[in-house]
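J.: Sequential numbering of the sequence shown, starting at 214, is according to the working numbering. Using N, Cα and C, we set each Cβ at its ideal position, and we do this for glycine too.
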Amino acid sequence: MSQHAQDVSKGKVRVYLDAGKKEVIRVEQAIEAICINGAQDAACALAEFLGGTEPQFVAMMNVRASELGLENTLFTDSTGIDTEQYSCAADIARIMSELVGKHPDVLSYLNLTYGLFQHDSTKQPNTEMVSTNPLNRRKFYDGSDGSMTGYSNEDKFSIACTAAQDERRVVSVVLGEENENLRIAKVRKLAEYSLANFEYKMLCKYGTFVKKVDIKDGKYKKIKTETAGDFYVLLNTKESAEVKTAIELTQQLKAPIEEGVSCGYVVYYLNEEEIGRVELITAESMPKANWFVRLVRWFLSLFGL
Numbered sequence: 214m215s216q217h218a219q220d221v222s223k224g225k226v227r228v229y230l231d232a233g234k235k236e237v238i239r240v241e242q243a244i245e246a247i248c249i250n251g252a253q254d255a256a257c258a259l260a261e262f263l264g265g266t267e268p269q270f271v272a273m274m275n276v277r278a279s280e281l282g283l284e285n286t287l288f289t290d291s292t293g294i295d296t297e298q299y300s301c302a303a304d305i306a307r308i309m310s311e312l313v314g315k316h317p318d319v320l321s322y323l324n325l326t327y328g329l330f331q332h333d334s335t336k337q338p339n340t341e342m343v344s345t346n347p348l349n350r351r352k353f354y355d356g357s358d359g360s361m362t363g364y365s366n367e368d369k370f371s372i373a374c375t376a377a378q379d380e381r382r383v384v385s386v387v388l389g390e391e392n393e394n395l396r397i398a399k400v401r402k403l404a405e406y407s408l409a410n411f412e413y414k415m416l417c418k419y420g421t422f423v424k425k426v427d428i429k430d431g432k433y434k435k436i437k438t439e440t441a442g443d444f445y446v447l448l449n450t451k452e453s454a455e456v457k458t459a460i461e462l463t464q465q466l467k468a469p470i471e472e473g474v475s476c477g478y479v480v481y482y483l484n485e486e487e488i489g490r491v492e493l494i495t496a497e498s499m500p501k502a503n504w505f506v507r508l509v510r511w512f513l514s515l516f517g518l
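#1: Less than 7 angstroms between the C-beta atoms of threonine 458 and valine 479, yes or no?
#2: Use the C-beta contact count for serine 291: other C-beta atoms within 10 angstroms, 16 or more gives buried, fewer gives exposed.
#3: Is isoleucine 247 helix, strand or coil when you go by DSSP?
#4: According to DSSP, simplified to helix, strand and coil, what is lysine 336?
#5: What are the complete beta strand (DSSP E) segments, minimum 3 residues, inside the stretch 396-464?
#6: Please work out which residues of its chain come closer than 8 angstroms, Cβ to Cβ, to glycine 282, disregarding the five sequence neighbours upstream and downstream, and give them in chain order.
#7: Give a yes or no on contact between the stretch 302-321 and the stretch 355-375, applying the rule of three or more CB pairs nearer than 8 angstroms.
#8: Quick check: the Cα distance between tyrosine 413 and alanine 404, rounded to an integer number of angstroms?
#9: Leaving out five residues before and five after asparagine 392 in sequence, what residues of the same chain have Cβ atoms less than 7 angstroms from its Cβ?
#10: Are there 16 or more other CB atoms within 10 angstroms of the CB of asparagine 410, so buried, or fewer, so exposed?
#11: Going by other Cβ atoms of all chains shown within 10 Å of its Cβ, with 16 needed for buried, is asparagine 366 buried or exposed?
#12: Go ahead and label arginine 396 buried or exposed: buried means 16 or more other beta carbons lie within 10 angstroms of its beta carbon, across all protein chains shown.
#13: Check whether the stretch 322-342 touches the stretch 249-262, taking contact to mean three or more Cβ pairs, one atom from each stretch, closer than 8 angstroms.
#14: To which residues of the same chain is methionine 415 closer than 8 angstroms at the C-beta, ignoring the five residues directly before and after it?
#15: Touching or not, the stretch 496-504 and the stretch 422-431, by the rule of three or more beta carbon pairs under 8 angstroms?
#16: Assuming serine 498 is part of the beta strand (DSSP E), what are its boundary residues?
#17: On the three-state DSSP scale, how would you describe valine 276?
#18: Report the partner residues of cysteine 374 according to the DSSP bridge assignment.
#19: Mind reading off the beta-carbon distance from tyrosine 327 to methionine 309? Whole number of angstroms is fine, and I expect it under 8 angstroms.
#20: To the nearest angstrom, report how far apart lysine 315 and lysine 424 are at their CA atoms.
#21: Taking Cβ positions, are glutamate 497 and lysine 451 nearer each other than 7 angstroms?
#22: Closer than 7 angstroms by C-beta to valine 474: which residues in its own chain qualify, once you throw out the five before and the five after it? Chain order, please.
#23: Output the distance between the C-alpha atoms of tyrosine 406 and glutamate 486, rounded to the nearest integer angstrom.
#24: Can you tell me whether glutamine 331 is helix, strand or coil according to DSSP?
#25: Let me check one thing: in DSSP terms, what residues is leucine 483 bridge-paired to?
#26: Assuming the contact rule is C-beta atoms closer than 8 angstroms, glutamate 241 and cysteine 257 should be a hit. Round their C-beta distance to whole Å, please.
#27: Indicate the three-state DSSP secondary structure (helix, strand or coil) for isoleucine 305 in the structure shown.
#28: What did DSSP end up calling serine 365 once you bin it into helix, strand or coil?
In C-alpha cells:
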C-alpha cells in the first residue's frame, strides 16, 4: 500500500488502507473491495501491484484497450476519478464481454453485496463494505448475475450489466442517467429485450460440406469442398431465415491437389450486406488424371462436351 494510493482516495469511496503502517493486503481482498463498493484506494493499490506504478498500469490498460479495438476509450488513472478519460457504451460493453467471457469466475465477485475488509497486517478494526447496487441483491432484476455501477456529478448514473438465460448471455450498458431508478429500469429493459429478440446463431460448423467445384486435370472433374471453421453471428430472431450465402472462389484448382487447400470463401449476407465469411477448402485430395483421360476430355471439349 503506497501513500499515493491513500492520497488519491481521500474523500472518495475507500476501505481506509493505511500507507503509514505499510499495510499489506491480498489481491482477492482488493478485488472484493472494488466490486462491492468501488473502493478507490484498493483499486489504486492493485494497479500499483500489477503495473509497478499507477501510470505504468494505466499504460497497460490503454494497450489492452487498443488490442480490443476500443476506438473511443482513453484511460488516465485506475480509479475513474480523472475527468480527462473517456469511453462509450459500446466500448464498455466490449470490456464487460471480454471480462465475463474469458474470466467467468469474476461473476462471483460482481454478485457480492456485503463484506468485511480485514486489516490483518495493521490490526485495525474491520471496514464494513456494503453494495449500493440493487441489481446485486436481485431486487429489481432476477436475470442479472453481475453488474458494476458508477456515478459522478459530471457523468451522472451509469451501469454495465450482464444477464444470462438458457445458456445465452448478454451485456447491456446505460450511461448518464439522471437518477438511480432510471439507470436500473433502462438496463433491465435492454437486457430483457436482447434476450427475447436476439440469438447467437451458428451458421456453419467446421468441416461442413459446401459443394463440388471444378478442378483442372483431376481424376474427376469436380472436387468436394468444406468450411475451414465455425461461423457464429448475432441475429435478430426474425432475421435468421433471411441470411443468404454465396460461394466466392479465389483460384482455379488444378490436380494433383491435397486435402485442405484454400480455394475461396462462403460469404454470408443479410439484407444484401455482408455479415461475415468462412474460408473454403478442399475436403479431399485428388490425383492427376492419366494422359488418356486428359486427351479424351480435350477432344470432347472441341464439341462443347
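T.: According to the structure data:
#1: Start at 1 with the first residue of the sequence shown, and residue 458 comes out as number 245. Start at 1 with the first residue of the sequence shown, and residue 479 comes out as number 266. Taking 7 angstroms as the Cβ cut-off, threonine 458 and valine 479 qualify as a contacting pair.
#2: The sequence position of residue 291 within the sequence shown is 78, counting from 1. With 16 or more other Cβ atoms within 10 Å, it is buried.
#3: Residue numbering aside, residue 247 sits at position 34 when the sequence shown is read from its first letter. Note: isoleucine 247 maps to helix in three-state DSSP.
#4: The residue labelled residue 336 in the question sits at position 123 within the sequence shown. Reduced to three states, the DSSP call for lysine 336 is coil.
#5: 411-417, 422-429, 435-440, 444-449 and 457-462
#6: The residue labelled residue 282 in the question sits at position 69 within the sequence shown. Cβ within range, chain order: Arg307.
#7: yes
#8: Reading the sequence shown from its first residue, position 200 is the one you call residue 413. Reading the sequence shown from its first residue, position 191 is the one you call residue 404. So the alpha carbons of these two residues sit roughly 14 angstroms apart.
#9: On the sequence shown, residue 392 is found 179 positions in, with the first residue counted as 1. Within the same chain, asparagine 392 has close Cβ partners Phe370.
#10: The residue given as residue 410 occupies position 197 in the sequence shown. Classification for asparagine 410: exposed.
#11: The residue you call residue 366 lines up with position 153 of the sequence shown. Exposed, by the Cβ-count rule.
#12: Translated into positions along the sequence shown, residue 396 becomes position 183. Its Cβ being crowded by 16 or more others within 10 Å, arginine 396 is buried.
#13: yes
#14: What you label residue 415 is simply residue 202 of the sequence shown in a count that begins at 1. Only Asp443, Phe444 and Tyr445 meet the Cβ criterion.
#15: yes
#16: Here residue 498 refers to the residue found at position 285 when the sequence shown is read from its first residue. No beta strand (DSSP E) holds serine 498; DSSP gives it neither H nor E.
#17: Residue numbering aside, residue 276 sits at position 63 when the sequence shown is read from its first letter. Correct three-state label for valine 276: helix.
#18: Your numbering for residue 374 matches position 161 in the sequence shown. Bridge partners of cysteine 374: Ser360 and Ser385.
#19: On the sequence shown, residue 327 is found 114 positions in, with the first residue counted as 1. On the sequence shown, residue 309 is found 96 positions in, with the first residue counted as 1. So it is not a contact: roughly 23 angstroms between Cβ atoms.
#20: Taking the first residue of the sequence shown as 1, we reach residue 315 at position 102. Taking the first residue of the sequence shown as 1, we reach residue 424 at position 211. One C-alpha to the other measures close to 36 angstroms.
#21: Residue numbering aside, residue 497 sits at position 284 when the sequence shown is read from its first letter. Residue numbering aside, residue 451 sits at position 238 when the sequence shown is read from its first letter. Not closer than 7 angstroms, so no.
#22: If you number the sequence shown from 1, residue 474 lands on position 261. Closer than 7 angstroms at the Cβ level, and outside the excluded window around valine 474, lie Ile494 and Thr495.
#23: Within the sequence shown, residue 406 is the residue found at index 193, counting from 1. Within the sequence shown, residue 486 is the residue found at index 273, counting from 1. Answer to the nearest angstrom: the Cα atoms are 24 angstroms apart.
#24: As a first step, residue 331 is located in the sequence shown; it is residue number 118 there, counting from the start. It is a strand residue.
#25: In the sequence shown, the residue the question calls residue 483 occupies position 270. DSSP lists Glu486 as partners of leucine 483.
#26: Start at 1 with the first residue of the sequence shown, and residue 241 comes out as number 28. Start at 1 with the first residue of the sequence shown, and residue 257 comes out as number 44. Glutamate 241 to cysteine 257, Cβ: 17 angstroms. No contact.
#27: Numbered from 1 along the sequence shown, position 92 holds the residue referred to as residue 305. Of the three classes helix, strand and coil, the one that applies to isoleucine 305 here is helix, per DSSP.
#28: In the sequence shown, residue 365 corresponds to position 152, counting from 1. Correct three-state label for serine 365: strand.
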